[in-house]
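Chains as they are written, first to last, in the numbering used here: chain A, 118 to 471; chain B, 118 to 471.
Here's the structure we're looking at; comments come further down.
Protein chains: 2
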Amino acid sequence: MKRSSALPTSNDVAKSAGVSQSTVSLVLTGKAEGRVSTAVQEKVREAARMLGYRPHAAAQTLRLGRAKQVALLLPDVVNPYFSAVLRGANTAARQHDYALLFVDTENDQNWLEKVIGTLAAGSVDGFVLFGVEPPEKSELHGFEPRIVVVDAPSPIFPLIAIDGMGGALEAMNHLLSLGHHRIAHLAVSSPKETFRVRTRAYHQVLNNAGIILGSDYEKSCLMDIDDAKVKAREILSLPERPTAVFCADERLAVGVYKVAKDMGLHIPIDLSVVGFGGTQIAHILEPELTTVNIPSESLGNLAVRSLIEYLETNVKPEPRIEPVDFILRGSTASIQDRKYANCPPTVKTTDQPS
Amino acid sequence: MKRSSALPTSNDVAKSAGVSQSTVSLVLTGKAEGRVSTAVQEKVREAARMLGYRPHAAAQTLRLGRAKQVALLLPDVVNPYFSAVLRGANTAARQHDYALLFVDTENDQNWLEKVIGTLAAGSVDGFVLFGVEPPEKSELHGFEPRIVVVDAPSPIFPLIAIDGMGGALEAMNHLLSLGHHRIAHLAVSSPKETFRVRTRAYHQVLNNAGIILGSDYEKSCLMDIDDAKVKAREILSLPERPTAVFCADERLAVGVYKVAKDMGLHIPIDLSVVGFGGTQIAHILEPELTTVNIPSESLGNLAVRSLIEYLETNVKPEPRIEPVDFILRGSTASIQDRKYANCPPTVKTTDQPS
DNA sequence: CTGAAAGCGCTTACAG
DNA sequence: CTGAAAGCGCTTACAG
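Structure follows, in structure tokens:
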């Protein structure tokens with residue numbers, strides 16, 4: 118052995134087994150049946166095992182033109198919604214024996230394009246862009262990377278859309294059916310279509326129901342608890358306080374919970390709250406949050422599976438729209454119930470003349 | 118162009134610029150100074166730009182023996198603690214122009230070893246194992262992958278340890294200093310040393326203080342809210358109810374909060390709670406959780422930085438121990454305060470004969 | 001100042 | 001049934 122720390126090559130195996138390097142390759146890729154005697158095959162396998170031989174990935178990639186690696190790009194792993202996506206993607210990649218290259222774009226579009234260009238050159242066979250806008254075709258110098266886009270506008274690449282509109286409508290209609298009219302909205306101040314849709318649903322349902330509310334009932338926040346608290350306080354301090362809040366994200370709902378508690382408002386008796394996302398947060402909150410559940414883990418899984426199928430069959434996946442679930446939990450209640458609860462807690466109903 | 122979708126090679130650039138392929142390489146790797154005329158250099162660069170040329174990663178890897186890729190292995194991305202690690206790792210990799218290969222081991226040790234073996238052969242230059250036990254040396258067939266281990270026992274590989282003991286001691290002493298004696302403990306039922314240490318600190322502080330508690334005051338749970346609720350209920354139903362709970366993880370604290378609320382116990386007045394981790398959860402809970410903060414994002418960053426330095430200088434990082442912070446928030450209070458609060462809320466103190 | 005050639009470790013026709 | 005050879009796309013001595 119020349120370099121003790123060096124990895125064994127198929128040449129080392131060949132020498133050790135007393136055969137040619139091409140025979141080693143034949144045996145180890147399973148193409149030896151009827152071409153190499155079983156005795157030799159066994160010898161080769163044994164030698165490979167002894168040396169701990171693994172085919173060198175870069176050499177294979179260069180030769181075969183495929184890296185058996187896919188990249189997942191998403192805007193923010195720290196968001197539990199996206200870490201669930203990653204979990205699903207990891208599972209799918211593992212099942213198909215692909216490696217998963219992970220990139221958190223941190224919402225940096227310039228970097229995104231550079232990264233795609235770089236990785237497409239031999240590092241990775243394809244990309245999943247999850248919640249990340251794909252680059253313009255013009256920036257790609259005429260070459261077409263394999264990309265599956267999830268939940269972002271995609272004029273040219275195969276798309277897995279999420280029926281956020283459906284979910285948001287259901288959430289709003291739920292609130293309506295509970296008798297709520299003064300429904301406030303905490304929007305996410307992001308130009309992303311995913312979020313815009315939720316706000317659009319808010320307006321649409323209100324319009325259809327003939328409910329007219331001042332624009333005070335709607336606020337945009339950054340995606341963090343502190344900003345949500347500021348905006349929630351403004352909304353809940355309105356002279357005609359809303360009886361319900363539709364939050365475009367679960368982290369915003371956290372802000373609402375905190376301010377509500379602070380103001381002595383009980384959820385769901387004094388205030389109904391609906392969230393959007395389907396993360397752990399909905400379970401952590403007390404009462405647990407009624408929310409629109411996006412099946413993020415299975416979407417991550419699906420996206421990677423579609424991409425791999427795309428790569429291996431070379432047929433472009435059809436665009437599709439994935440449904441979401443509206444999940445009823447403890448944070449919403451009928452406006453009826455609310456009236457009773459409005460009495461100050463120290464005053465017993467029996468104390469009042471009936 | 119033969120294959121329209123194929124990536125341009127340095128050969129294509131050479132033809133387009135009217136020079137040899139080696140000149141292209143020289144220019145584009147920046148080794149051309151004083152060897153290639155600036156005029157030719159400019160021609161080459163222009164041609165490369167026009168064609169959208171990027172050097173093929175696999176070819177470079179094969180030739181240079183380095184992939185400029187590192188792998189991060191961790192046990193569970195869905196845990197917000199680990200997704201913060203990933204965020205930090207992503208940043209560090211990006212800064213050093215490395216790609217990050219992500220593997221969620223899902224606590225599968227067999228797979229772990231296979232994965233390391235496979236990836237070490239040309240896919241990746243090194244590994245960060247974060248909260249994941251490294252494989253035995255014997256299973257490595259004498260070759261030594263570059264591995265940096267964080268927060269797991271590592272006899273042979275460079276280690277970044279976390280001072281969990283220090284943090285746990287501080288947390289327990291805090292409770293003691295608040296006058297708590299009947300301190301319960303919700304442990305994580307995992308054999309991992311990280312968690313064992315927290316339980317050891319619990320016993321040590323109690324012993325030093327001469328406090329003897331029945332084993333009923335200590336329960337192990339799976340790392341999920343539901344199991345934590347079951348165990349929390351048992352603990353809080355003890356005839357001599359604990360006045361404080363030290364939770365070995367923040368998700369367990371969520372269970373305690375839920376059961377406390379259910380039993381009409383107010384945190385921190387009736388019950389003090391301390392968590393461990395430093396995730397978003399501590400902020401989501403109401404009141405916010407007093408907790409031991411592990412700087413997971415910077416640890417992820419540090420681990421990747423150390424690994425890359427290891428790879429590039431070839432000097433093995435020294436083992437180190439990283440500190441944690443104990444963070445005081447709203448979930449702990451002095452036992453003094455508790456006595457007043459113990460009176461049933463409907464009975465005013467002024468109603469009693471003094 | 002520029003080009004021809006070797007070689008990284010594979011896979012796969014091709015020859016025997 | 002087995003081996004010698006070409007070639008994937010690079011980088012880097014080496015020759016001129």
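Virtual Cβ for every residue (Gly too), placed ideally from N, Cα, C.
Asked	Found
CB residue 242 of chain B to CB residue 184 of chain B, shorter than 8 Å?	yes
Decide if the stretch 124-140 of chain B is in contact with the stretch 434-451 of chain A; the criterion is three or more beta carbon pairs, one per stretch, under 8 Å apart.	no
Contact check, residue 252 of chain B vs residue 271 of chain B under 8 Å by CB: the rounded distance?	Their Cβ separation, rounded to whole angstroms, is 11 Å, which puts residue 252 of chain B and residue 271 of chain B out of contact at 8 Å.
Would residue 433 of chain A be called buried (16 or more neighbouring beta carbons within 10 Å of its own) or exposed?	exposed
Can you list the residues of chain A that residue 204 of chain B reaches, using a CB-CB cut of under 7 Å?	194, 195 and 221
Taking Cβ positions, are residue 361 of chain B and residue 337 of chain B nearer each other than 8 Å?	no
If you follow the beta strand (DSSP E) that residue 223 of chain A is in, where does it begin and where does it stop?	From DSSP, residue 223 of chain A is part of no beta strand (DSSP E); its letter is neither H nor E.
Near residue 266 of chain B, what residues of its chain come up, given a Cβ to Cβ distance below 6 Å and the 5 sequence neighbours on each side ignored?	246, 251, 274 and 276
What three-state label does DSSP hand residue 195 of chain A in the structure shown?	coil
At 9 Å on the CB atoms, spell out the chain B contacts of residue 209 of chain A, in chain order.	Per Cβ cutoff of 9 Å: no residues; residue 209 of chain A is ~12 Å from chain B at best.
Output the distance between the C-alpha atoms of residue 438 of chain B and residue 158 of chain B, rounded to the nearest integer angstrom.	49 Å
Please classify residue 315 of chain B as buried or exposed, where buried requires at least 16 other C-beta atoms within 10 Å of its C-beta.	buried
Leaving out the 5 sequence neighbours to the left and right, which residues in its chain are closer than 7 Å to residue 364 of chain A when beta-carbon positions are compared?	303, 370, 373, 390, 391, 392 and 393
In the DSSP assignment, the beta strand (DSSP E) including residue 389 of chain B goes from what residue to what residue?	389-394
Between the stretch 165-172 of chain B and the stretch 205-215 of chain B, do three or more beta carbon pairs fall short of 8 Å?	no
Tell me the rounded alpha-carbon separation between residue 306 of chain A and residue 333 of chain A.	15 Å
Leaving aside the five residues before and after residue 414 of chain B along the sequence, list all residues of the same chain whose C-beta is less than 6 Å from its C-beta, in chain order.	201, 204 and 205
Mind listing the chain B neighbours of residue 371 of chain A? Cutoff is C-beta to C-beta under 7 Å, in chain order.	401
Would a check of beta-carbon distances place residue 458 of chain A closer than 8 Å to chain B?	Bear in mind that a pLDDT of 46 at residue 458 of chain A, under 50, signals an unreliable position, so the number given afterwards is only what the model happens to contain. So no, residue 458 of chain A is outside the interface.
Helix, strand or coil for residue 213 of chain B? Go by DSSP, reduced to three states.	coil
So what does DSSP say about residue 241 of chain A, is it helix, strand or coil?	coil
Could you check which residue in A:230, A:176 and A:313 has the C-alpha nearest to that of residue 180 of chain B?	A:176
Sorted by chain position, which residues of the same chain lie with C-beta nearer than 7 Å to residue 367 of chain A's C-beta, five sequence neighbours on each side aside?	392, 393, 394, 396, 398, 399, 406 and 408
Quick check on residue 239 of chain B - is its C-beta less than 8 Å from some C-beta in chain A?	yes
Touching or not, the stretch 187-199 of chain B and the stretch 212-230 of chain B, by the rule of three or more beta carbon pairs under 8 Å?	yes
Would you call the stretch 294-303 of chain B and the stretch 315-328 of chain B touching, i.e. three or more CB-CB distances under 8 Å?	yes
Using a Cβ-Cβ distance cut-off of 8 Å, determine whether residue 465 of chain B contacts chain A.	Because the pLDDT at residue 465 of chain B is just 37, under 50, the model does not fix this residue reliably, and the point stays unresolved.
For residue 178 of chain B, would you say it is in contact with chain A, using Cβ-to-Cβ distances shorter than 8 Å as the test?	yes
Looking at residue 240 of chain A and residue 188 of chain B, is the spacing between their C-beta atoms short of 8 Å?	no
Provide the residue(s) that pair with residue 437 of chain A in DSSP beta bridges, ordered along the chain.	A:277
The alpha helix (DSSP H) with residue 416 of chain B in it runs from where to where?	413-430
Please classify residue 186 of chain B as buried or exposed, where buried requires at least 16 neighbouring CB atoms within 10 angstroms.	buried
At the level of alpha carbons, what is the spacing between residue 118 of chain B and residue 134 of chain B?	Summary for residue 118 of chain B: the model assigns pLDDT 36, below 50, so the residue's position carries little reliability, and this model does not support an answer.
Spatial neighbours of residue 318 of chain A within its chain, please: CB distance less than 7 Å, with the 5 preceding and 5 following residues excluded, ordered by chain position.	282, 285, 286 and 289
Is the separation between the beta-carbon of residue 356 of chain B and that of residue 385 of chain B shorter than 8 Å?	no
For residue 472 of chain A, return the contacting residues in chain B, with the cut-off set at a CB-CB distance below 9 Å.	With chain A covering only 118 through 471, there is no way to say anything about residue 472 of chain A.
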